[in-house]
Amino acid sequence: MSLAFAIYLLAINSDAQEKLRAEIDECIERHGNEPSLDVINKLHYMNGVVSETLHYMNGVVSETLRIYPIAGRVERITPDDYTLADTGIKVPKGCLISVPVYAMHHDPENFPDPERFDPTRFIG
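Under mature numbering (1 follows the signal peptide of the UniProt record, and there is no 0), residues -16 to -1, 1 to 108 are what the sequence shown spells out, in order.
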C-alpha cells in the first residue's frame, strides 16, 4: 500500500517526480540499463535506506509514510507503573497508551504545511 501511495504522490507532484527521474536517468546513462547493486547503492538521493543510497527516494518513502501512515495510531500497554518526569503524572501498570500517529503527522506544529508532499523534509 505504501508503494502505491508513493507512486500516487509522485504522479501529482511533478517536481519530485522529475528530480527522482533525473537521478535514475543519470545512473542509466553512466552505467547502462542494468546497473550493478554496487552502482545503485551509490546513487546520490537514496541516503538512509542502504548506506548512502537513493537519498531522494528515502525522502519520498518517508514523506509518503508521514502522509499515509501504515497505522493511524500505535497502542501499547504499560508493563510497569511509570511516572512522567516532566509532569509527575503517574501511569499505572496495565494502562493502554495510544499514540495518534496520523494526527501527529498532520499537525502543522510538527510538520509545517502538513498536506503538502515534500520529500526534502527528511533529507539532510
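Beta carbons are placed, not taken as given, at the ideal position from N, Cα and C, and that holds for glycine.
8 Å contact criterion, which residue i and residue j should meet: CB distance rounded
i	j	result
PHE101	ILE51	7 Å
GLY43	THR104	6 Å
HIS90	PRO96	Not really, about 12 Å apart at Cβ, beyond 8 Å.
MET41	LEU4	6 Å
Burial state of residue i (16 or more Cβ within 10 Å)
i	result
THR48	buried
VAL45	buried
PRO92	exposed
GLY108	exposed
ALA(-1)	buried
ILE(-5)	exposed
ASN31	Interpretation of ASN31 is limited by its pLDDT of 38, a score under 50 that renders its predicted location unreliable; the figure taken from the coordinates is listed afterwards. Flag for ASN31 reads buried.
ALA(-13)	exposed
Run of the alpha helix (DSSP H) containing residue i, from where it starts to where it stops
i	result
ARG5	-3 to 15
**Study point:** Length-filtered (4 minimum) alpha helix (DSSP H) runs lying within the stretch 43 to 97
**Key:** 85 to 89
Exercise for review: Could you tell me whether the stretch 59 to 66 touches the stretch 75 to 91, where touching means 3 or more Cβ pairs closer than 8 Å?
Suggested key: yes
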